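Engineer:
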Amino acid sequence: MTVAHPGLTVWFTGLSGSGKSTLSLAVSDQLAASGYRVQLLDGDEVRLFLSKGLGFSKEDRDENIRRIGYVAELLTRNGVITLVSAISPYRSARDAVRIRIPNFLEVFVNAPIEECERRDVKGLYKRARAGEIKTFTGISDPYEQPLHPELECRTDLESVPESVQRVIDAILSQIMPK
1 MTVAHPGLTV WFTGLSGSGK STLSLAVSDQ LAASGYRVQL LDGDEVRLFL
51 SKGLGFSKED RDENIRRIGY VAELLTRNGV ITLVSAISPY RSARDAVRIR
101 IPNFLEVFVN APIEECERRD VKGLYKRARA GEIKTFTGIS DPYEQPLHPE
151 LECRTDLESV PESVQRVIDA ILSQIMPK
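So in our numbering, the last one in the sequence shown is 178, and the numbering has no gaps at all.
1. Can you tell me which of the three DSSP states THR135 falls into?
2. Helix, strand or coil: how does DSSP classify ARG67 here?
3. Buried or exposed: which applies to ASN78, given that a residue is buried once 16 or more other Cβ atoms fall within 10 Å of its Cβ?
4. Can you tell me which of the three DSSP states GLN30 falls into?
5. Is it buried or exposed, VAL27, if we count other Cβ atoms within 10 angstroms and call 16 or more buried?
6. With 16 other CB atoms within 10 Å as the buried threshold, where does LEU74 fall?
7. Pairing CB atoms from the region 80 to 99 with CB atoms from the region 43 to 56, are three or more of them under 8 Å?
8. First and last residue of the beta strand (DSSP E) that includes CYS42?
9. Might you give, ordered along the chain, the residues of its own chain that have their beta carbon closer than 6 Å to the beta carbon of VAL97, omitting 5 neighbours on each side?
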């Protein structure tokens with residue numbers, strides 16, 4: 001049975017390897033199992049299908065976030081809990097999406113860069129430090145932390161189930177009648 005609820009965009013932002021995809025997938029699975037309408041927009045998948053051809057310049061990264069934000073806005077407007085998992089390194093691009101989507105929850109998935117490097121199964125940080133990747137967020141390109149996220153998950157200090165529960169609690173507090 002589907003639960004009646006308004007739409008909401010939940011924007012997971014953080015460095016590569018911080019745990020955005022892990023948390024958003026677990027939140028998606030748990031919400032779907034409970035009957036909520038939910039859609040996950042993962043940054044890696046969006047780059048393959050919606051933003052193919054965009055590079056990693058500031059302009060291309062901003063355009064990628066604008067496109068993701070547009071899709072999230074459409075889904076949210078139609079009563080879907082939309083989970084966006086994207087590095088989204090620039091605060092101004094995230095803030096522009098926040099302005100467009102009235103029901104918005106920013107989740108800062110925070111882990112020290114050393115922890116993100118330790119978790120890096122793709123070897124991206126190693127390649128960035130070797131100069132093989134020219135504009136890598138957190139190494140040779142900035143990551144602008146959110147100033148006032150609705151929620152911060154310290155994935156180096158919390159377990160995945162603890163962070164997932166905190167995100168779900170935040171979602172439910174926004175979509176359920178008071």
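Cβ atoms here follow ideal geometry from the backbone N, Cα and C, with glycine treated the same way.
The model shown is predicted, which means the values in this text are computed figures rather than measured ones.
Structural biologist: With the structure as the only source:
1. coil
2. helix
3. exposed
4. helix
5. buried
6. exposed
7. yes
8. The sequence shown places Asp at residue 42, rather than the Cys named in the question. Per DSSP, ASP42 belongs to the beta strand (DSSP E) from 38 to 42.
9. GLY69
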